[in-house]
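In our numbering, the protein residues as written are 3 to 192.
By construction, the Cβ of each residue, glycine as well, lies at the ideal position given by its N, Cα and C atoms.
Please read these numbers as outputs of a predicted model, since none were measured by experiment.
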């Protein structure tokens, strides 16, 4: 029944009335292609625009880039688009207990999405001087990692590992940041 419910979910992109690039593959892990959706402001690709890299919440184990289309953030994203920002909504691998994906992989995938955006900035019409991060909950923690770690740290895809970037600012919407309490994250599967 759970698989049937998942299969019936409609995956919707944010309706903006402006140019969008949906399902952009930024890397492949094993057999899985990881994607992001890129939403442009009214100016489209006529000039480079500042970009917000959005990482969704879900406890590192749930959620998707489609969260940008629904829920409480859609009005915010539409206002940011009106203000001239592009938004990249990132999918990353999700943690699964007993699986091979860890919280660290969620961060690595998101850093690779950012690296890809930087590498393709000219084709994507992105202003490299104005890169920002935003995420909620677990995505807030990932946004912090994108902002506070060097672009060289946590390399993932070898073709993206040498891409450098500088994030200007970030917003973590109730993202965990006190990792001194290990019991919050370690549940006998250290």
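Selection 45, 144 and 108 evaluated against residue 85 yields 45 as nearest (Cα-Cα). Distances from the alpha-carbon of residue 20 to those of 31, 87, 29 and 58 put 87 closest.
DSSP places residue 118 within a helical segment (H, G or I) once states are collapsed to three. For residue 63 and residue 114, the gap between their C-alpha atoms comes out near 18 Å. Here residue 159 carries a coil assignment [DSSP, helix/strand/coil]. By the neighbour-count definition (other C-beta atoms within 10 Å, threshold 16), residue 172 is a buried residue. The alpha carbon of residue 35 has as its nearest neighbour, out of 77, 94, 70 and 148, the alpha carbon of 94.
Taken in chain order, the complete beta strand (DSSP E) segments of 3 or more residues contained in the region 51-102 are 51-57 and 88-92. If you look at residue 171, you'll find it in the beta strand (DSSP E) that goes 171-175. In the three-state scheme derived from DSSP, where H, G and I count as helix and E and B as strand, residue 141 is classed as helix.
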